[in-house]
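Q:
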């Protein structure tokens with residue numbers, strides 16, 4: 001019976017990684033707010049927990065603790081230490097420990113799960129090493145097939161998410177292209193080393209399909225990684241193997257050449273290449289460098305903490321970004337993982353990563369072992385080089401980090417199989433093996449009857465698994481409820497949206513994004529209810545309660561959960577701004593919130609535009625003009641800022657300068673549009689007022705505050721990116737609520 005249990009446990013320890021290798025590239029669920037990366041993370045966490053429990057049971061059944069010791073151990077532990085230290089001293093500990101909202105890697109939690117996955121797989125995966133790679137190839141090929149179908153406009157279903165023109169199973173077109181690279185290279189290597197014709201045909205088709213995916217879905221980074229992978233594959237494969245498969249390799253080369261020619265010829269290119277296929281927006285390398293080195297300057301030793309780039313970018317981005325199409329995008333990932341390590345882990349993390357990289361070279365060198373006739377070492381070595389090159393050219397996520405750890409684990413497992421002790425070897429630990437000293441006699445006596453060390457090891461492992469699964473349950477439940485809230489909002493069901501957000505906050509109260517959404521929902525419900533005629537006393541109380549909850553949520557995010565997140569301060573400003581004219585001191589609270597947001601995102605012209613609009617509504621036109629002018633200085637081609645600046649100048653009787661601003665607006669917005677007509681009418685008004693004013697010209701804001709920065713015109717292409725013109729003071733707010741001006745929903749004094 002015991003032997004059967006051991007066989008079952010061993011079978012599962014070899015089968016589960018195979019299933020995971022297939023599922024990771026293709027698994028997603030549309031029941032959370034983010035369909036792809038979060039569900040892959042949850043799958044990895046649950047599967048790793050199952051593997052850990054199986055490993056513990058195996059050790060108890062075998063009455064010994066066994067691991068695979070490798071040359072990577074010291075490096076991995078040092079990197080883990082740097083993650084722990086950086087998380088402890090992070091600018092936002094929740095993000096560093098559990099991941100930022102929507103970006104679950106890198107974080108301490110996700111890295112610990114990946115580390116556990118590495119150790120359990122490297123110690124137990126033996127009989128299914130080749131099968132794991134076959135499963136990964138199958139999953140990669142399926143992922144590429146789905147991405148290509150979407151590329152050519154073939155929809156897989158009627159659900160909304162299937163209608164996306166760049167739908168794929170990884171959640172990222174760049175990641176989908178990388179998966180195609182991995183699938184093509186692994187299939188090519190194993191095909192050369194396989195004699196079974198059925199498997200060889202499957203691998204040949206996988207190579208062809210994935211190469212097509214690389215060609216169509218790839219960017220220059222992906223093509224570079226693919227080229228590096230090809231060179232690595234030919235380096236690791238023995239020369240006699242390459243020569244004996246010359247015909248097959250020439251056929252693959254012919255397929256690749258045919259793809260290149262087809263896409264190069266104009267006639268076929270127009271048919272096959274989807275020029276409208278949206279590519280993933282990434283932060284330029286130069287801007288990533290600016291942000292990373294700025295963070296390193298302020299947090300030199302440990303960086304700002306894992307998963308904090310979304311906080312760093314608004315604070316450190318350069319003014320040059322305001323001249324780009326993505327000036328209003330807050331990037332949460334840098335250009336590459338190298339810049340992410342630089343900013344999030346600091347000098348200590350860089351040093352630890354460098355030490356790990358040095359030890360990784362020993363594993364890569366072992367992959368050149370010529371005695372391997374299976375091709376597994378060549379596949380593992382190629383995979384490690386491909387993933388390392390990718391991290392230098394693109395950012396990491398859960399799937400790419402999993403692929404890297406899978407190649408690490410299989411490399412160490414192969415080292416154990418090939419008895420390469422300098423790289424990895426299996427070791428067993430037991431109480432009786434630690435000492436034969438008389439002081440250990442009691443433990444040794446116990447060890448003679450029954451090894452208790454596996455039970456000692458099992459207790460903390462099971463405890464950590466239980467703790468991790470509890471935390472994952474809270475995270476997953478919160479994401480599930482938020483998804484339900486989003487679906488309810490799409491159906492204009494405000495009540496259900498409210499209820500689902502409450503459930504999400506109750507089960508995972510640390511997520512500031514939940515509180516922000518909750519605050520906005522409360523304000524929307526209050527606004528809707530206030531618009532009803534003849535409100536009852538109960539409805540008036542409900543409105544007051546909704547407003548109080550919105551204020552409380554906005555204060556929780558800015559004062560407790562994450563005061564370094566500019567989005568939280570924007571939500572707070574939105575809440576108080578909606579109460580201007582209704583609640584006492586609401587305007588001052590909104591102004592203070594905007595000022596805090598500007599401190600966290602100093603180069604953002606939109607924040608100054610919004611703050612200027614608030615001053616304009618207060619009829620403080622000089623302050624409004626000052627902030628509008630600052631917005632035009634930060635982004636000279638910002639039509640809305642110039643438009644608002646023009647109106648503020650009109651209120652200051654600076655008609656000539658207002659005329660100039662409206663003329664600039666006309667050069668920025670497309671002709672034959674409502675915005676152009678609106679600006680033209682305002683320009684005529686400014687001209688008329690200037691003539692009527694005559695010699696009574698008033699001092700301009702430039703004279704009061706300094707000369708304004710001249711604004712250049714725009715091309716027609718740039719005009720298309722302008723937002724609709726909004727006159728200052730016309731922003732959405734609650735016009736009339738049955739709330740006493742001294743209501744306790746608003747604090748008595750503004751927070752400085």
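Numbering (full-length UniProt numbering), first residue to last: 1 to 752.
Note that beta-carbon positions come from the ideal geometry of N, C-alpha and C, so glycine has one too.
Suppose the cutoff is 6 Å on Cβ atoms and the five residues either side in sequence are ignored; what does the same chain contact list for residue 679 look like?
A: The residue labelled residue 679 in the question sits at position 679 within the chain shown. So the list reads 662, 665, 666, once near-sequence residues are dropped.
Q: Helix, strand or coil: which one does DSSP assign to residue 307?
A: The sequence position of residue 307 within the chain shown is 307, counting from 1. Note: residue 307 maps to coil in three-state DSSP.
Q: Whose C-alpha, out of 544, 364, 257, is nearest the C-alpha of residue 527?
A: In the chain shown, the residue the question calls residue 527 occupies position 527. Checked all of 544, 364, 257; the closest Cα to residue 527 is 544.
Q: Check whether the Cβ atoms of residue 146 and residue 124 lie closer than 7 Å to each other.
A: The sequence position of residue 146 within the chain shown is 146, counting from 1. The sequence position of residue 124 within the chain shown is 124, counting from 1. The answer is no: Cβ separation not under 7 Å.
Q: CB-CB under 8 Å to residue 148, same chain, minus the five flanking residues each way: which ones, in chain order?
A: Against the chain shown, residue 148 aligns to sequence position 148. Taken in chain order, the residues that qualify are 209, 212, 213, 216, 217.
Q: In chain order, what residues of the same chain lie with their CB nearer than 6 Å to the CB of residue 232, ignoring the 5 residues before and after it?
A: On the chain shown, position 232 is the one that residue 232 refers to. Once the five neighbours on either side are set aside, the close Cβ partners of residue 232 are 382, 385.
Q: What three-state label does DSSP hand residue 441 in the structure shown?
A: Here the question's residue 441 lines up with position 441 in the chain shown. Only weak support exists for where residue 441 lies, its pLDDT of 45 falling under 50; the coordinates are left without a value.
Q: Provide the residue span of the alpha helix (DSSP H) that contains residue 279, from first to last.
A: The count along the chain shown starts at 1 and reaches residue 279 at position 279. Where residue 279 is concerned, there is no enclosing alpha helix (DSSP H), given that its DSSP letter is neither H nor E.
Q: Hey, residue 512 and residue 557 are a contact pair by Cβ (cut 8 Å); roughly how many whole angstroms apart?
A: Here the question's residue 512 lines up with position 512 in the chain shown. Here the question's residue 557 lines up with position 557 in the chain shown. So it is a contact: roughly 4 Å between Cβ atoms.
Q: Could you tell me how far apart the beta carbons of residue 150 and residue 280 are, in whole angstroms, since I believe they sit closer than 8 Å?
A: The sequence position of residue 150 within the chain shown is 150, counting from 1. The sequence position of residue 280 within the chain shown is 280, counting from 1. So it is not a contact: roughly 14 Å between Cβ atoms.
Q: How is residue 68 classed by DSSP in three states: helix, strand or coil?
A: Position 68 of the chain shown holds residue 68. In this structure, residue 68 counts as strand in the three-state DSSP scheme.
Q: By a C-beta neighbour count over all protein chains shown, 10 Å radius and 16 as the cutoff for buried, is residue 465 buried or exposed?
A: Locating residue 465 in the chain shown gives position 465, where the first residue counts as 1. Under this definition residue 465 is a buried residue.
Q: Could you tell me the distance, in whole angstroms, from the CA atom of residue 709 to the CA atom of residue 633?
A: Within the chain shown, the letter at position 709 stands for residue 709. Within the chain shown, the letter at position 633 stands for residue 633. Only weak support exists for where residue 709 lies, its pLDDT of 36 falling under 50; the value from the coordinates is given anyway. Approximately 6 Å, taken between the alpha carbons.
Q: Tell whether a beta-carbon distance below 7 Å holds between residue 474 and residue 507.
A: In the chain shown, residue 474 corresponds to position 474, counting from 1. In the chain shown, residue 507 corresponds to position 507, counting from 1. Yes.
Q: Along the chain, where does the alpha helix (DSSP H) containing residue 468 start, and where does it finish?
A: Position 468 of the chain shown, counted from the first residue, corresponds to residue 468. From DSSP, the alpha helix (DSSP H) with residue 468 extends over 453–490.
Q: Quick one: grab the DSSP three-state call for residue 556.
A: By 1-based counting over the chain shown, the position of residue 556 is 556. Helix at residue 556.
Q: For residue 290, name the three-state secondary structure that DSSP assigns.
A: Within the chain shown, the letter at position 290 stands for residue 290. Note: residue 290 maps to helix in three-state DSSP.
Q: State the DSSP-derived secondary structure class of residue 17, mapped to helix, strand or coil.
A: Your numbering for residue 17 matches position 17 in the chain shown. Helix at residue 17.
Q: Let's test the definition: count the other Cβ atoms within 10 Å of the Cβ of residue 270 and tell me whether it reaches 16, buried, or not, exposed.
A: As a first step, residue 270 must be located in the chain shown, where it is residue number 270. Classification of residue 270: exposed, given that the 10 Å Cβ count is below 16.
Q: Can you look up residue 619 in the DSSP assignment and give me helix, strand or coil?
A: On the chain shown, residue 619 is found 619 positions in, with the first residue counted as 1. Reduced to three states, the DSSP call for residue 619 is coil.
Q: For the alpha helix (DSSP H) holding residue 173, just list the boundary residues, first then last.
A: As a position in the chain shown, residue 173 is number 173, starting the count at 1. First-last of the alpha helix (DSSP H) with residue 173: 173–192.
Q: Going by beta-carbon coordinates alone, are residue 756 and residue 314 separated by less than 7 Å?
A: Missing from the structure shown is residue 756; the chain here goes from 1 to 752 and no further.
Q: For residue 565, count neighbouring Cβ atoms within 10 angstroms of its own Cβ and tell me buried if that reaches 16, exposed if not.
A: Along the chain shown, read from residue 1 onward, the residue named residue 565 stands at position 565. Label assigned to residue 565: buried.
Q: In the structure shown, what three-state DSSP assignment does residue 26 receive?
A: Locating residue 26 in the chain shown gives position 26, counting from the first residue. In the structure shown, residue 26 sits in coil (DSSP, three-state: anything other than H, G, I, E or B).
Q: Just to confirm my understanding: we take residue 107, look at its own chain, exclude 5 residues before and 5 after, and list those with CB closer than 7 Å. What are they?
A: One-based indexing of the chain shown puts residue 107 at position 107. Excluding positions up to five away in sequence, the list reads 96, 97, 98, 99, 306, 307.
Q: First and last residue of the alpha helix (DSSP H) that includes residue 87?
A: On the chain shown, position 87 is the one that residue 87 refers to. Start and end: 73–88.
Q: Specify, as a first and last residue, the run of the alpha helix (DSSP H) that residue 684 falls within.
A: For the purposes of this step, residue 684 is taken as residue 684 along the chain shown, with counting starting at 1. That run of the alpha helix (DSSP H) goes 674–693.
Q: Could you tell me which whole alpha helix (DSSP H) segments of length 4 or greater appear in the region 571–643?
A: List check, alpha helix (DSSP H) in window: 586–600, 605–617, 621–634.
Q: If contact is defined by three or more beta carbon pairs under 8 Å, each pair taking one atom from either stretch, is the region 255–265 in contact with the region 310–328?
A: The region 310–328 vs the region 255–265: no contact.
Q: Apart from the five residues on each side of it in sequence, which residues of its chain come closer than 7 Å, Cβ to Cβ, to residue 461?
A: Here residue 461 refers to the residue found at position 461 when the chain shown is read from its first residue. Excluding sequence neighbours, residue 461 sits near 52, 56.
Q: Over what stretch of residues does the beta strand (DSSP E) that includes residue 424 continue unbroken?
A: Here residue 424 refers to the residue found at position 424 of the chain shown. It spans 424–429 - the beta strand (DSSP E) in which residue 424 sits, taken as one unbroken run.
Q: Per DSSP, which one or two residues make a beta bridge with residue 103?
A: Reading the chain shown from its first residue, position 103 is the one you call residue 103. Paired residues: 100.
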